[in-house]
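K.L.:
One structure, pasted below without further comment.
Protein chains in written order, with my numbering: chain L, 4 to 46; chain P, -3 to 192.
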């Protein structure tokens, strides 16, 4: 892809503010491991 | 000013463990970041920032420069993208060419056939028009769409979807402009003549 024609004009477009499309997605929350219950030792 | 909408193709090389589900530019070695904007950079500008000597024919500049060919490219017209897709063929089972709509902003250089933008982000990926497309292609397309958090949309609905976010900056055809100027120039012919 690449244009072979001459450019017609150059414009400046401000950054859009759509949410949440244009913001990076939230980082996945770390998975918590289930707390280990102490295992009673039977004697 | 409303963001610009365009249509383009990417390649996806699943055989490459480094690029994975990344959308890559067809020509340049550019990986489009998932769920984020692409910031266009000219190779001459990058070379300058890294302290490498830059050729006299390519002075460093912010991308896209009107006199350069850099920037994130996109067609004005979906049909042009589909035509280009028909001309290309996926080289093998692990390499694909996918199309879609992009939103562009920042510095935008407008050409008759498309735009070159400073910032761009995929809006949606286009479902293949061929209903007989293989399950492998469908699965990979779905995985890429998920990675970029964009919908898969039929070609017939892609333009309507994209225009919810931006607009086309396709220039007025030259013929129409010339006709308009000719009408202006000859407008006096329609005026009633004054009576003496």
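Beta carbons: idealized from backbone N, C-alpha and C, even for Gly.
Can you look up residue 11/P in the DSSP assignment and give me helix, strand or coil?
P.N.:
coil
K.L.:
Is the number of C-beta pairs between the stretch 53 to 64 of chain P and the stretch 118 to 132 of chain P that are closer than 8 Å three or more?
P.N.:
no
K.L.:
Tell me the rounded alpha-carbon separation between residue 33/P and residue 64/P.
P.N.:
21 Å
K.L.:
With 16 other CB atoms within 10 Å as the buried threshold, where does residue 26/L fall?
P.N.:
Note that residue 26/L scores a pLDDT of 46, beneath 50, so its modelled location is shaky; the value from the coordinates is reported in the next line. Exposed, because fewer than 16 other Cβ atoms sit within 10 Å of the Cβ of residue 26/L.
K.L.:
Does the count of Cβ pairs from the stretch -3 to 9 of chain P and the stretch 88 to 107 of chain P closer than 8 Å reach three?
P.N.:
yes
K.L.:
Smallest Cα separation from residue 102/P: which of 113/P, 7/P, 129/P?
P.N.:
113/P
K.L.:
Shortest alpha-carbon distance to residue 62/P belongs to which of 128/P, 155/P, 146/P, 104/P?
P.N.:
104/P
K.L.:
Please report whether the beta-carbon of residue 55/P lies at a distance below 9 Å from any beta-carbon of chain L.
P.N.:
no
K.L.:
By the three-class DSSP mapping on this structure, what secondary structure does residue 73/P have?
P.N.:
coil
K.L.:
On the premise that residue 17/P lies in contact with residue 143/P, defined as a C-beta separation below 8 Å, what is that separation, rounded to the nearest angstrom?
P.N.:
At roughly 4 Å, the Cβ-Cβ gap stays under 8 Å, so residue 143/P and residue 17/P are in contact.
K.L.:
So residue 117/P is in the beta strand (DSSP E); what residue range does that whole segment cover?
P.N.:
110 to 122
K.L.:
In the DSSP assignment, what residue or residues form a beta bridge with residue 100/P?
P.N.:
According to DSSP, which records beta bridges pairwise, residue 100/P is partnered with 0/P, 116/P.
K.L.:
So, residue -1/P versus residue 10/L, is the Cβ gap smaller than 9 Å?
P.N.:
no
K.L.:
Check whether the Cβ atoms of residue 69/P and residue 106/P lie closer than 9 Å to each other.
P.N.:
The beta carbons of residue 69/P and residue 106/P sit no closer together than 9 Å.
K.L.:
Closer than 9 Å, CB to CB, is residue 45/L near chain P or not?
P.N.:
No - not a single Cβ of chain P is within 9 Å of the one on residue 45/L.
K.L.:
At 7 Å on the CB atoms, spell out the chain L contacts of residue 109/P, in chain order.
P.N.:
6, 8
K.L.:
Around the C-beta of residue 19/P, are 16 or more other C-beta atoms found within 10 angstroms, so that it is buried, or is it exposed?
P.N.:
buried
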